[in-house]
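So the structure is just underneath, and the comments pick up after that.
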Amino acid sequence: MASRLYTDCFVKIFEFLRGDSTSLHAAALVNKSWCQHAVPIMWENTLDEKILMSRNGKQKGSGIIDTYVSCLSQESRNALKMEKVVLPTVTRRPTFPYASYLRSLDLKCFYIAVQSWIENCSVLRKRGLSGDQIRLIIQELLQQIFTLSPRMHALKINVDIIGAIVADILHRVPKANKCLAHLKEFMYFAEHPTMEMLFSKIAQSTGQIEQLDLSVYDRTAELINMLRAQKNLKVLIITNRTNSPSGFKFWVDTDAGTVISEKARTVTYLEIQKIHFPFYDLGRFENLINLNLLYSGSYSFQDWAPLADVHLRNLEKISYQNRHSLYLDIFGKFVENSGKNLTHITIRCCTICDPDKSHILITSIADYCPNLLHFGGPIGANNASELGQLLNACSHIESLELHPSIDNCKSVASPIDFNPIFRKIALKQPWELRELSVIHGWKFSAEVLENFIESRQRISKKVSVFWNECEITGNLDKICQKYQKNGILDKYGKIKANKY
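Counted the way full-length UniProt numbering counts, the sequence shown spans residues 1 to 500.
In structure tokens, the structure reads:
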């Protein structure tokens, strides 16, 4: 009994070390029992970006593939031999069935690691490999993984040709489908006809996926069936990758919107990119915490109007980025209904339909968002007073990213005076402010910027200042260098134009 309790305890400890390969490797060297429990955790997620991007990442990836290759069955080796693929001689069989421990598979990382292994394998490098031979190696390795792993928790299909191989394996080898029954996270970014088969297999195998990252193409029937099968969606990311940037309305022109809306109650993270999202459906996501609507095309006033009646009490972060329409009045009413827990508001839009109503948005944030940490969005040149109210009410604000509230940011007739806003921020001295970004179309003087930096110095608070496409008078570089040298200005500089 004591021995069992002891084992259970250190197994729990190993689980806390998940992701810390150095500590797990040290634990595996202690004794046989520790090794048997540490190794499976070490090999759950061997090929992820962190590993491949680390120092000697490709070498590590190559070593991992080498281990998987050494575990290949004789049947797989014979199949490769028939296609004149001569594998390195295995001098000692592996101690563990490493492929059976894999729980997370990123096919892009897998492909990079296989390429590194081929480059480092002298036997294969001397003979050279054709594309078909490389494809066969990948197929045999993936077939081993999918048949030996009893449960896959995360699967990322992000390389077309390998996604097709996975779909083919699931079709040919029924046993390989069993590992999908416990799938919690699925992402695909691959355009291939066999993807429909893959969606169908997943729909049949599991309804427990919690995180879906979907790239939408023209074929949608099986994709929607896969969505329909899921019972507990929490994270949903949908990106339109068709050739039509705004014409394809996946949400409203297919059954997808209806199917997703039926499951909206469990979703806490929603991201929609390049898809027309109807605001009237947003209210169904009553437990939403994080919302990102990105480049979703043009909205009329009638499209925007339902947003004013949406209440999302749990919402903490919202990002709306678009080249087209924005109604500040309606957005302000949405903030009024949903602002209690908001910590981050980011609004980037090239076309503001009611720029003279920026005071409504700023006042709504001041009145209803006491927990705000970040505001990035439009503000009028005459809204310094409202900004002062916001800084008073949102006492924990850490970063500001201020755009001019104008109807079209690409056609600024003449730069807009930012000096009054700079002075208001300096006067209010927001205690937690760490970063201020002044985004295109403004003009300000280096002297007023210096007054702002001195206000941070008086309260001994570091700050970073960035700007983009602004007209600046005075010796800005000299001032910034001076205050960076004395330690009060942390970072400063021009923001890359393609960031906004």
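Cβ coordinates follow ideal geometry from the N, Cα and C atoms, glycine included.
Check: Bridge partners - arginine 151, DSSP secondary structure assignment; Outcome: Answer is none; arginine 151 lacks a bridge partner.
Check: In DSSP terms, what methionine 187 is bridged to; Outcome: Lys156 and Asp213
Check: N-terminal and C-terminal residue of the alpha helix (DSSP H) that histidine 37 is part of; Outcome: 32-42
Check: Best match in Val173, Gln389 and Met152 for proximity to glutamine 139 [C-alpha to C-alpha]; Outcome: Val173
Check: Boundaries of the alpha helix (DSSP H) in which histidine 182 is found, first to last residue; Outcome: No alpha helix (DSSP H) holds histidine 182; DSSP gives it neither H nor E.
Check: Spatially closest choice to asparagine 120 from Leu449, Pro150, Lys175 and Ile64, by CA coordinates; Outcome: Ile64
Check: Extent of the continuous alpha helix (DSSP H) to which glycine 57 belongs; Outcome: 57-70
Check: Three-state secondary structure (DSSP) of valine 235; Outcome: strand
Check: Where aspartate 255 falls: helix, strand or coil (DSSP); Outcome: coil
Check: When Ile479, Leu291 and Pro97 are compared against leucine 72, the one with the closest alpha-carbon; Outcome: Pro97
Check: Backbone secondary structure at isoleucine 495 - three-state DSSP; Outcome: coil
Check: Member of Ala446, Ser455 and Arg456 whose CA lies at the smallest distance from the CA of glycine 474; Outcome: Ala446
Check: 8 Å contact criterion, which serine 338 and arginine 313 should meet: CB distance rounded; Outcome: 7 Å
Check: Strand pairing of tryptophan 442, partner residues [DSSP]; Outcome: Ile416
Check: Sufficient close CB pairs (3 or more, under 8 Å) joining the region 146-159 to the region 84-96; Outcome: no
Check: Contact check, phenylalanine 375 vs leucine 400, beta carbons under 7 Å; Outcome: yes
Check: Cβ separation of leucine 291 and leucine 270, assumed to be a contact under 8 Å, to the nearest whole Å; Outcome: 5 Å
Check: Euclidean distance between Cα positions of glycine 163 and valine 216; Outcome: 15 Å
Check: Pairwise C-alpha distance: alanine 79 and serine 246; Outcome: Bear in mind that a pLDDT of 47 at serine 246, under 50, signals an unreliable position, so the number given afterwards is only what the model happens to contain. Roughly 47 Å between the two C-alpha positions.
Check: Neighbourhood of proline 370 by C-beta distance below 7 Å, restricted to the same chain and skipping five residues each side; Outcome: Ala393 and Cys394
Check: Distance between lysine 249 and glutamate 464 (C-alpha atoms, nearest Å); Outcome: It should be noted that the sequence gives serine, not glutamate, for residue 464. For serine 464 and lysine 249, the distance between alpha carbons rounds to 41 Å.
Check: Aspartate 309 - DSSP class collapsed to helix/strand/coil; Outcome: helix
Check: For tyrosine 368, the first and last residue of its enclosing alpha helix (DSSP H); Outcome: 358-368
Check: Residues bridged to aspartate 281 [DSSP beta-bridge criterion]; Outcome: None; aspartate 281 has no bridge partner.
Check: Same chain only: Cβ atoms within 8 Å of lysine 184, ignoring 5 sequence neighbours per side; Outcome: His153, Ala154, Gln208, Ile209, Glu210 and Gln211
Check: Sheet register partners of threonine 346 (DSSP bridge); Outcome: Ser319 and Gly376
Check: Check: leucine 361 C-beta below 6 Å from any heavy atom of the ligand GDP; Outcome: Looking for the ligand GDP in the displayed structure turns up nothing, as the structure carries no ligands at all.
Check: Delimiting residues of the alpha helix (DSSP H) encompassing isoleucine 112; Outcome: 107-120
Check: C-beta contact flag for isoleucine 360 and glycine 332 at 7 Å; Outcome: yes
Check: Neighbourhood of cysteine 35 by C-beta, 6 Å cutoff - its chain only, sequence neighbours within 5 removed; Outcome: Ala28
Check: Burial state of arginine 55, where buried means 16 or more other Cβ atoms lie within 10 Å; Outcome: exposed
Check: Residues near tyrosine 280 in its chain [Cβ-Cβ closer than 6 Å; skip 5 each side]; Outcome: Pro306
Check: In chain order, each alpha helix (DSSP H) run of at least 4 residues that lies wholly inside the region 431-485; Outcome: 446-458 and 476-485
Check: The region 414-431 in contact with the region 347-366 per 3-pair CB rule at 8 Å; Outcome: no
Check: C-alpha distance - valine 252 paired with glycine 283, whole-angstrom precision; Outcome: 16 Å
Check: Euclidean distance between Cα positions of serine 104 and leucine 214; Outcome: 17 Å
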